[in-house]
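A short worksheet on the structure shown next.
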Amino acid sequence: MSEQTSALKKRNEQYNKYVETVTPKTSIAKALWHSFWIGGVTCMIGQGIGDIVALIAPSMPKDMISNITSMILVTLAILFTGLGFYDVIARQGGAGSFLPITGFANAMASASMEFKTEGLIFGTSVKLFSVVGPVVVNGIVWSTLAGLINLLILGMY
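Residue numbers for the sequence shown follow this note's numbering, beginning at 11 and rising by one.
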(Lines of atoms letter the chains of each structure in order from A and count residues from 1; the text may use other names and numbers.)
(Lines give C-alpha, C1' and ligand atoms only; values in the text may rest on other atoms or scores of the structure.)
Protein backbone atom coordinates (compact mmCIF):
# COMPACT_ATOMS: atom_id res chain seq x y z
CA MET A 1 0.00 0.00 0.00
CA SER A 2 1.17 3.46 -0.79
CA GLU A 3 1.63 6.10 1.87
CA GLN A 4 -1.30 8.13 0.51
CA THR A 5 -3.67 5.14 0.66
CA SER A 6 -2.58 4.37 4.23
CA ALA A 7 -3.18 7.99 5.30
CA LEU A 8 -6.58 7.96 3.63
CA LYS A 9 -7.53 4.72 5.38
CA LYS A 10 -6.42 6.12 8.76
CA ARG A 11 -8.41 9.32 8.19
CA ASN A 12 -11.52 7.29 7.31
CA GLU A 13 -11.15 5.17 10.46
CA GLN A 14 -10.85 8.31 12.60
CA TYR A 15 -13.89 9.80 10.92
CA ASN A 16 -15.94 6.62 11.50
CA LYS A 17 -14.97 6.66 15.20
CA TYR A 18 -16.04 10.30 15.41
CA VAL A 19 -19.38 9.55 13.73
CA GLU A 20 -20.00 6.71 16.21
CA THR A 21 -19.38 9.02 19.17
CA VAL A 22 -21.70 11.82 17.97
CA THR A 23 -24.49 9.66 16.54
CA PRO A 24 -27.30 9.41 19.08
CA LYS A 25 -28.02 5.89 20.27
CA THR A 26 -31.64 4.94 19.80
CA SER A 27 -33.51 2.00 21.16
CA ILE A 28 -35.66 0.29 18.55
CA ALA A 29 -38.23 -0.69 21.18
CA LYS A 30 -38.42 2.90 22.45
CA ALA A 31 -38.74 4.30 18.92
CA LEU A 32 -41.50 1.81 18.09
CA TRP A 33 -43.34 2.64 21.30
CA HIS A 34 -43.24 6.39 20.62
CA SER A 35 -44.33 5.84 17.04
CA PHE A 36 -47.20 3.62 18.20
CA TRP A 37 -48.58 5.97 20.83
CA ILE A 38 -48.18 9.18 18.78
CA GLY A 39 -49.92 7.52 15.82
CA GLY A 40 -52.58 6.15 18.17
CA VAL A 41 -53.22 9.55 19.73
CA THR A 42 -53.49 11.07 16.25
CA CYS A 43 -56.08 8.44 15.31
CA MET A 44 -57.96 8.98 18.58
CA ILE A 45 -58.09 12.71 17.91
CA GLY A 46 -59.42 11.99 14.42
CA GLN A 47 -62.04 9.64 15.84
CA GLY A 48 -63.04 12.27 18.39
CA ILE A 49 -63.39 14.92 15.70
CA GLY A 50 -65.52 12.57 13.62
CA ASP A 51 -67.72 11.75 16.61
CA ILE A 52 -68.22 15.45 17.38
CA VAL A 53 -69.13 16.19 13.76
CA ALA A 54 -71.60 13.26 13.82
CA LEU A 55 -73.18 14.64 17.01
CA ILE A 56 -73.51 18.11 15.51
CA ALA A 57 -74.98 16.83 12.24
CA PRO A 58 -76.53 13.38 12.86
CA SER A 59 -78.09 13.14 9.40
CA MET A 60 -74.76 13.73 7.63
CA PRO A 61 -73.50 10.72 5.61
CA LYS A 62 -70.49 8.87 7.04
CA ASP A 63 -68.31 9.63 4.02
CA MET A 64 -68.95 13.35 4.48
CA ILE A 65 -68.03 13.06 8.18
CA SER A 66 -64.80 11.32 7.14
CA ASN A 67 -64.01 14.10 4.66
CA ILE A 68 -64.62 16.83 7.23
CA THR A 69 -62.52 14.97 9.80
CA SER A 70 -59.64 14.70 7.32
CA MET A 71 -59.89 18.40 6.49
CA ILE A 72 -59.77 19.35 10.17
CA LEU A 73 -56.78 17.07 10.82
CA VAL A 74 -54.93 18.52 7.82
CA THR A 75 -55.72 22.06 8.98
CA LEU A 76 -54.48 21.30 12.49
CA ALA A 77 -51.28 19.73 11.13
CA ILE A 78 -50.60 22.79 8.96
CA LEU A 79 -51.29 25.09 11.90
CA PHE A 80 -48.99 23.04 14.16
CA THR A 81 -46.29 23.11 11.45
CA GLY A 82 -46.52 26.88 11.16
CA LEU A 83 -46.33 27.33 14.93
CA GLY A 84 -43.39 24.90 15.22
CA PHE A 85 -45.21 22.29 17.32
CA TYR A 86 -45.24 19.58 14.66
CA ASP A 87 -41.44 19.27 14.65
CA VAL A 88 -41.47 18.55 18.38
CA ILE A 89 -44.15 15.89 17.90
CA ALA A 90 -42.31 14.38 14.91
CA ARG A 91 -39.01 14.12 16.80
CA GLN A 92 -40.72 11.97 19.39
CA GLY A 93 -43.27 10.17 17.22
CA GLY A 94 -41.25 9.26 14.15
CA ALA A 95 -43.37 7.23 11.75
CA GLY A 96 -46.38 7.64 14.01
CA SER A 97 -46.40 11.33 13.17
CA PHE A 98 -45.68 11.28 9.46
CA LEU A 99 -47.58 8.24 8.22
CA PRO A 100 -51.10 9.53 8.92
CA ILE A 101 -52.56 12.26 6.72
CA THR A 102 -51.14 14.81 9.15
CA GLY A 103 -47.61 13.91 8.07
CA PHE A 104 -48.47 14.64 4.44
CA ALA A 105 -49.94 18.00 5.45
CA ASN A 106 -46.79 18.74 7.45
CA ALA A 107 -44.55 17.90 4.49
CA MET A 108 -46.50 20.22 2.21
CA ALA A 109 -46.61 23.08 4.71
CA SER A 110 -42.90 22.74 5.53
CA ALA A 111 -41.91 22.89 1.86
CA SER A 112 -44.15 25.89 1.37
CA MET A 113 -42.70 27.75 4.33
CA GLU A 114 -39.10 26.91 3.51
CA PHE A 115 -39.21 28.35 0.01
CA LYS A 116 -41.58 31.31 0.51
CA THR A 117 -38.69 33.76 0.05
CA GLU A 118 -38.42 32.64 -3.57
CA GLY A 119 -41.88 33.99 -4.28
CA LEU A 120 -45.42 32.73 -4.51
CA ILE A 121 -45.04 30.90 -7.83
CA PHE A 122 -41.41 29.71 -8.01
CA GLY A 123 -41.04 29.24 -4.27
CA THR A 124 -44.18 28.25 -2.43
CA SER A 125 -46.20 26.73 -5.29
CA VAL A 126 -43.40 24.87 -7.03
CA LYS A 127 -42.01 23.35 -3.84
CA LEU A 128 -45.49 22.54 -2.58
CA PHE A 129 -46.24 20.57 -5.73
CA SER A 130 -42.80 18.91 -5.74
CA VAL A 131 -44.01 17.14 -2.58
CA VAL A 132 -47.54 16.50 -3.82
CA GLY A 133 -46.57 15.33 -7.31
CA PRO A 134 -44.87 12.02 -6.44
CA VAL A 135 -47.63 11.17 -3.96
CA VAL A 136 -50.36 11.76 -6.53
CA VAL A 137 -48.52 9.85 -9.26
CA ASN A 138 -47.85 6.89 -6.96
CA GLY A 139 -51.43 6.98 -5.74
CA ILE A 140 -52.78 6.85 -9.28
CA VAL A 141 -50.36 4.15 -10.48
CA TRP A 142 -50.76 1.81 -7.50
CA SER A 143 -54.51 2.24 -7.15
CA THR A 144 -54.91 1.52 -10.87
CA LEU A 145 -52.77 -1.59 -10.50
CA ALA A 146 -54.78 -2.70 -7.43
CA GLY A 147 -58.02 -2.11 -9.36
CA LEU A 148 -56.79 -4.20 -12.29
CA ILE A 149 -55.70 -7.03 -9.99
CA ASN A 150 -59.08 -6.85 -8.25
CA LEU A 151 -60.83 -6.97 -11.61
CA LEU A 152 -58.78 -10.00 -12.71
CA ILE A 153 -59.29 -11.88 -9.46
CA LEU A 154 -62.93 -11.06 -8.77
CA GLY A 155 -64.09 -10.57 -12.33
CA MET A 156 -66.83 -8.12 -13.18
CA TYR A 157 -68.91 -8.74 -10.02
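Virtual Cβ for every residue (Gly too), placed ideally from N, Cα, C.
Secondary structure of residue i, DSSP reduced to three states
| i | result |
| --- | --- |
| Ser69 | coil |
| Phe95 | helix |
| Lys35 | coil |
| Pro144 | helix |
| Leu83 | helix |
| Gly149 | helix |
| Phe108 | helix |
Nearest-angstrom Cβ-Cβ length linking residue i and residue j, presumed shorter than 8 Å
| i | j | result |
| --- | --- | --- |
| Leu44 | Gly104 | According to the sequence as given, residue 44 is His; it is not Leu. Between Gly104 and His44 the Cβ distance is about 6 Å, and since that is below 8 Å, they are a contact. |
| Tyr96 | Asn116 | 5 Å |
| Met54 | Gly92 | Actually they are not in contact, since the Cβ atoms of Met54 and Gly92 sit about 23 Å apart, beyond 8 Å. |
| Gly60 | Ile75 | 5 Å |
Exposure of residue i, with buried meaning 16 or more beta-carbon neighbours within 10 Å
| i | result |
| --- | --- |
| Gly49 | buried |
| Thr33 | exposed |
| Lys40 | exposed |
| Thr112 | buried |
| Phe132 | exposed |
| Gly58 | exposed |
| Leu162 | exposed |
| Lys27 | exposed |
| Ile159 | exposed |
| Lys35 | exposed |
| Ala100 | buried |
| Ile88 | buried |
Pair within 9 Å by beta-carbon distance, residue i and residue j
| i | j | result |
| --- | --- | --- |
| Val145 | Phe108 | no |
| Val63 | Thr52 | no |
| Leu83 | Pro110 | yes |
| Gly106 | Trp152 | no |
Short CB-CB distance (under 9 Å) between residue i and chain C
| i | result |
| --- | --- |
| Thr85 | Looking at the structure shown, chain C is missing, and only one protein chain is on hand. |
Beta-carbon proximity list for residue i, same chain, < 7 Å, skipping 5 on both sides
| i | result |
| --- | --- |
| Val141 | Ala117, Met118, Ala121 |
Other residues of its chain near residue i: CB distance less than 8 Å, five sequence neighbours each side excluded
| i | result |
| --- | --- |
| Thr127 | Gly133 |
Beta-carbon proximity list for residue i, same chain, < 6 Å, skipping 5 on both sides
| i | result |
| --- | --- |
| Phe90 | Tyr96 |
| Leu138 | Met118, Ala121, Ser122 |
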